[in-house]
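For the sequence shown, my numbering assigns the number 137 to the initial residue and increments by one for each residue that follows. Glycine included, each C-beta is placed from N, C-alpha and C at the ideal position. Okay, so here's the structure we're looking at.
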Amino acid sequence: MDTGAASARRRLLQAAAALLLPPARAAEEADQPVIDRLDVAGSQIELQFAPGFDQPLRGRARQWVERSAQAVVAYFGRFPQPQVELLLLPTPGAGVRGGTTFGEPSPYVRLRLGVDTGEPQFHDDWVLVHEMVHLAIPRVPRRHGWLQEGLATYVEGIARARAGLLPAPQLWGALAHDMPQGQPKDGDEGLDHTPTWGRTYWGGAIFCLLADVQVRRRSGGALGLEHALRGVLAAGGSYAVAWPIERTLAVADAAVGQTTFGELYALLKDCPAPVDLPALWQDLGVTLQADGLARLQADAPLARLREAIAA
Ligand SMILES: [Zn+2]
């Protein structure tokens, strides 16, 4: 994209390359910033490699970005921004770490990527999809950070499962294992007033699971969380804008013709309200096993609903 901010960042990358490198090595390809462009479902992703990545890694990274973006497109019906910049900074070792998404001056994602990252780590990565999900949700004031992080935490695994990148027993096993971290502890004052790590990421994810299940029950299985979120995108809601949480939730409700999101928010925002997760897993037919995978029961009361979530 050709905003002033974009060219400023490009200039910064080039300046960094010139400053850091001894002249003898300046010609080596890994020492140069590289800009690559991807078209994903009509959206432009500008891939900015800071100096330090070699050509084979850039090729693997390009495929990983494309795959992650396609998983997000499948969930939301389109990529959440018409244009986005993705800045990759090299770090020693293997793996993807330290993702951050910025809304201003224009949406961009910054990630630290290990220079030795191989195909298995790219395949298993959840960080990039998490950050791309952020791009689909309007920014909210800090006290509602649980909505942003909860949606990214919850939708990331589902989007990857739908794309064939994460087997269902692994997805449900991880959710059943991790979600209890989002339950209120002593002194909790509700999601809006308890900005701990557990309540922000997993408390927010519990909100999303409850909403997903309720939307599906009330619509007889015709609609789910993704339809509500597609409605938010269609109404102009995304990380490029800041909305009051009430507006985001009202637009989500309107998209599915329900009041599910507003009701859940009223229940959970100001009081601890622990959720009976064991009963919910039982209804969904999810049994966490010692190996971290879930045993999935086809005859559970909400088994078809569970299958629809990750199908
Ligand atoms: Zn996040």
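{"Query": "According to DSSP, what are the bridge partners of Ser179?", "Result": "Val176"}
{"Query": "Using the three-state DSSP reduction, which class does Leu345 fall into: helix, strand or coil?", "Result": "helix"}
{"Query": "With H, G and I counted as helix, E and B as strand and the rest as coil, what does DSSP make of Leu155?", "Result": "Confidence in Leu155 is poor, its pLDDT being 49 and thus under 50, which makes the residue's placement too unreliable to answer from."}
{"Query": "Would you say the beta carbon of Glu285 is closer than 7 Å to some non-hydrogen atom of ligand 2?", "Result": "What this structure holds is ligand 1, not ligand 2."}
{"Query": "Between the stretch 340-351 and the stretch 393-406, are three or more C-beta pairs nearer than 8 Å?", "Result": "yes"}
{"Query": "Within 10 angstroms of the Cβ of Ala430, are there 16 or more other Cβ atoms? Answer buried if so, exposed if not.", "Result": "buried"}
{"Query": "When we look at the beta-carbon of Pro159 and count the other beta-carbons within 10 Å, is it buried (16 or more) or exposed?", "Result": "With a pLDDT of only 45 at Pro159, under the threshold of 50, the placement of this residue in the model should not be trusted, and no figure is reported."}
{"Query": "Considering only their Cβ atoms, is the gap separating Thr236 from Arg246 smaller than 8 Å?", "Result": "yes"}
{"Query": "What is the DSSP secondary structure of Thr396, counted as helix, strand or coil?", "Result": "helix"}
{"Query": "Assuming Tyr244 is part of the beta strand (DSSP E), what are its boundary residues?", "Result": "244-250"}
{"Query": "How is Met137 classed by DSSP in three states: helix, strand or coil?", "Result": "With a pLDDT of 40 at Met137, under the threshold of 50, the predicted position of this residue should be treated as unreliable, and no value is reported."}
{"Query": "If contacts are defined as beta-carbon pairs under 8 Å, then Ala390 and Gly357 qualify, I think. What distance do you get, rounded to the angstrom?", "Result": "In fact, because the Cβ distance is near 20 Å, the residues do not count as touching under 8 Å."}
{"Query": "Going by other Cβ atoms of all chains shown within 10 Å of its Cβ, with 16 needed for buried, is Ala434 buried or exposed?", "Result": "exposed"}
{"Query": "Only counting the same chain, and skipping five residues up and downstream in sequence, which positions put a Cβ closer than 7 Å to that of Asp261?", "Result": "Trp200, Val232"}
{"Query": "Using the DSSP secondary-structure output, state which residues sit across from Glu221 in a beta bridge.", "Result": "Glu182, Tyr244"}
{"Query": "For my contact list, Leu271 and Ser374 are in at a C-beta cut-off of 8 Å; report their separation, rounded to the angstrom.", "Result": "6 Å"}
{"Query": "At a Cβ threshold of 8 Å, is Glu267 touching chain C?", "Result": "No chain C is present in this structure, which holds just one protein chain."}
{"Query": "Could you spell out the range, first to last residue, of the beta strand (DSSP E) harbouring Leu432?", "Result": "430-432"}
{"Query": "Where DSSP assigns a beta bridge to Pro303, which residues make up the other side?", "Result": "Answer is none; Pro303 lacks a bridge partner."}
{"Query": "Ser355 to Ala386, Cα distance in whole Å?", "Result": "17 Å"}
{"Query": "How should Gln425 be labelled, buried or exposed, when 16 other C-beta atoms within 10 angstroms of its C-beta is the threshold for buried?", "Result": "exposed"}
{"Query": "Consult DSSP for Phe238 and reduce its assignment to one of helix, strand or coil.", "Result": "strand"}
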